[in-house]
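> Each residue of the sequence shown is one higher than the last, beginning at 220 in my numbering.
In this text, a Cβ means the ideal position worked out from N, Cα and C, and glycines have one as well.
Here the structure is a predicted model, which means the values were calculated and not measured.
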Amino acid sequence: MTPRPRARRAAVVLVLVLVAAVLFDVWLPTQIPWEPARLASLPALRADGLVLQDERADEVWATRGYGIYRSRGSDPFERIAILAPRIGPAWAGFSRTFRDTMRYQELVEVMVLDDGTLLAFAGGDVYRVDRSGEASGPLHRLRYFGPGRGRGLMPQGLTRDSDGAIYYGEYPTGAMAPGETVRVWRSLDEARTWEVAYEFPPGAVRHVHAVQWDPVGRALWVATGDEDAECRVGYSQDGGATFRWVGSGSQRFRAVSFLFTREAVLWAMDTLSAERHVVRWDRASNAISESATALPDAGYYATGLDDETGLVSLGETGASLWRVEDGEPSLLHAWRVVPDPRRPHPVVRLLRRAPTKPPEAVFLNPLRTETESAAIYRIEAAAVLSR
């Protein structure tokens, strides 16, 4: 058999497998309720089977597979749209069995735009979804997406600034060809078109972990990884054209998410190869310090509670939630996990949006733990602050 017919047969088999997955296991409920629950002795509401995305006013957004859901206040999550990525391997994500078997629930990244339109990344493409659930696109193709290339972007690698510009950082994971670069992209027209805001020299970084807007300092913060020489943390005040790097060259500057307070920018170190702490960059003095308390796992997501207090989550070998006050972390809750190095690691996902005012509720999203593959908890912020 010649290589060409063999390749054709493999393609036909792949399509048939994907079609079978779609036909027999794609049910997405139209509504997912909140149920009374408790977490870390705190009263909570819990919605099962969802990945936390974004929040705007009294609305919180989440996804299940390629379905996009919205909850207003404590009302149930209502299905708003179902995205259809390009035909190919990404279609396996329609199968609930595939997602559960691979422990891969994070197929879509969603951000709410100023006019209420949704920006969605799915299957390596960028879409806009209006309030009726109609999607337009694909509008932009991610350079590093798919087997051997990468996941496109990280959840905290997507942000928008106070003027409405949208940014995302590239996240390749495979081997890079000579001359290939890693970029931060920008859109000035609500995700309709994209341009390169910043490009790292070839070989300078492996990928971008975080791109976040600091509403206090009005700056765009970026973090990269993974080896010491590839780790850097810095900010831009000119739309990503230039950066001031506050630190680089060690695991101390390997971060996945930032916590912005009135006096400092903080991050939990994303590493297993060095002792981990919460790192604090002082806005007034530019001094960098570390928490006295060491962390048991790699740092991932962060969200603010008030001017000086926030939450950080740890993941990889475990899944836990920590409150950070005055730069010092204290454990709020840890989930039991069964680590599987062949699959995405357990983690607690938090909202990517940096709050401009203290939130009324905190949303927590444990993924791939012993008891929950994906669930969202809603807890009153005052209860978390007073615990």
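Checking the sheet assignment: what are the DSSP bridge partners for residue 432?
DSSP lists 439 as partners of residue 432.
> For residue 349, I'd like the list of residues in its chain whose CB is within less than 6 Å of its CB, leaving aside the five on either flank, ordered along the chain.
If we look at residue 349 and ignore the five residues flanking it on each side, its Cβ neighbours are 336.
> Answer with buried or exposed for residue 565, where buried requires no fewer than 16 other C-beta atoms within 10 angstroms of its C-beta.
Residue 565 comes out buried.
> With respect to the beta strand (DSSP E) encompassing residue 349, which residues constitute its N-terminal and C-terminal limits?
Segment: none, residue 349 is in no beta strand (DSSP E) and carries neither H nor E.
> To the nearest angstrom, how far is the alpha carbon of residue 221 from that of residue 403?
Low per-residue confidence applies at residue 221: pLDDT is 49, beneath 50, and the placement is therefore not dependable, though the value from the model is reported in the following sentence. Straight-line Cα distance between these residues: approximately 43 Å.
> Determine the contact status of residue 259 and residue 552, defining contact as a CB-CB distance below 8 Å.
Taking 8 Å as the Cβ cut-off, residue 259 and residue 552 qualify as a contacting pair.
> What do you get for residue 584, buried or exposed, if any count of 16 or more other CB atoms within 10 angstroms of its CB means buried?
Residue 584 should be labelled buried.
> Give the secondary structure of residue 265 by DSSP, where H, G and I count as helix, E and B as strand, and everything else as coil.
If DSSP states are grouped into helix, strand and coil, residue 265 belongs with the strands.
> Along the chain, where does the alpha helix (DSSP H) containing residue 603 start, and where does it finish?
Start and end: 600-605.
> For residue 590, does the three-state DSSP call read helix, strand or coil?
Coil, per DSSP.
> Can you give the Cα-Cα distance for residue 549 and residue 476, rounded to whole angstroms?
If you take the alpha carbons of residue 549 and residue 476, they lie about 18 Å apart.
> What's the call for residue 414, buried or exposed, on a 16-neighbour Cβ count within 10 Å?
Counting Cβ neighbours within 10 Å, residue 414 comes out exposed, since fewer than 16 surround it.
> Alpha carbon to alpha carbon, how far is residue 520 from residue 376? Give it in angstroms, no decimals.
Near 11 Å, if we compare the C-alpha coordinates of residue 520 and residue 376.
> Check for me: the alpha helix (DSSP H) holding residue 317 runs from which residue to which?
Unbroken alpha helix (DSSP H) run through residue 317: 315-321.
> Going by Cα to Cα distance, which pick from 578, 444, 561, 589 is closest to residue 321?
For the residues 578, 444, 561, 589, the minimum Cα distance to residue 321 belongs to 561.
> I need the DSSP call for residue 597, collapsed to helix, strand or coil.
Reduced to three states, the DSSP call for residue 597 is strand.
> Count the CB pairs spanning the region 393-401 and the region 475-495 that are closer than 8 Å, and state whether there are at least three.
Contact between the region 393-401 and the region 475-495 is absent, because fewer than three Cβ pairs lie under 8 Å.
> For the beta strand (DSSP E) holding residue 560, just list the boundary residues, first then last.
Note, residue 560: premise wrong, no beta strand (DSSP E); not H, not E.
> What did DSSP end up calling residue 493 once you bin it into helix, strand or coil?
In the structure shown, residue 493 sits in coil (DSSP, three-state: anything other than H, G, I, E or B).
> What residue does the beta strand (DSSP E) around residue 531 start on, and which one ends it?
Per DSSP, residue 531 belongs to the beta strand (DSSP E) from 528-534.
> I need the DSSP call for residue 476, collapsed to helix, strand or coil.
It is coil, neither helix nor strand.
> Would DSSP call residue 394 helix, strand or coil?
The answer is coil: DSSP assigns residue 394 none of H, G, I, E or B.
> Apply the 10 Å Cβ neighbour rule to residue 594 and answer buried if 16 or more other Cβ atoms are within range, or exposed otherwise.
Buried, by the Cβ-count rule.
> Just to confirm my understanding: we take residue 567, look at its own chain, exclude 5 residues before and 5 after, and list those with CB closer than 8 Å. What are they?
Contacts found: 519, 520, 532, 533, 534, 538, 539, 540, 554, 583, 584, 585, 586.
> Could you pull out every residue in the same chain whose Cβ sits closer than 8 Å to the Cβ of residue 268, ignoring the five residues on either side in sequence?
Cβ within range, chain order: 251, 283, 592, 593, 594.
> For the beta strand (DSSP E) containing residue 306, list its first residue and its last residue.
First-last for residue 306: undefined, no H or E at that position.
> Quick one: what does DSSP say residue 345 is sitting in, helix, strand or coil?
Residue state, collapsed to three classes: strand.
> Cα-Cα, which of 295, 277, 416, 326 is closest to residue 563?
When only C-alpha atoms are compared, the closest one is 326.
> By the three-class DSSP mapping on this structure, what secondary structure does residue 220 have?
For residue 220, the predicted model reports a pLDDT of 43, less than 50, meaning its position is unreliable and no value from the coordinates is stated.
> Tell me, which residues are paired with residue 505 by DSSP?
None, per the DSSP bridge assignment.
> Contact defined as beta carbons within less than 8 Å: I believe residue 427 pairs with residue 389. What is the distance between those atoms, to the nearest angstrom?
Contact holds; Cβ gap of about 6 Å.
> With distance defined between alpha-carbon atoms, name the residue in 546, 434, 256, 293 nearest to residue 574.
Closest option to residue 574, Cα to Cα, is 434.
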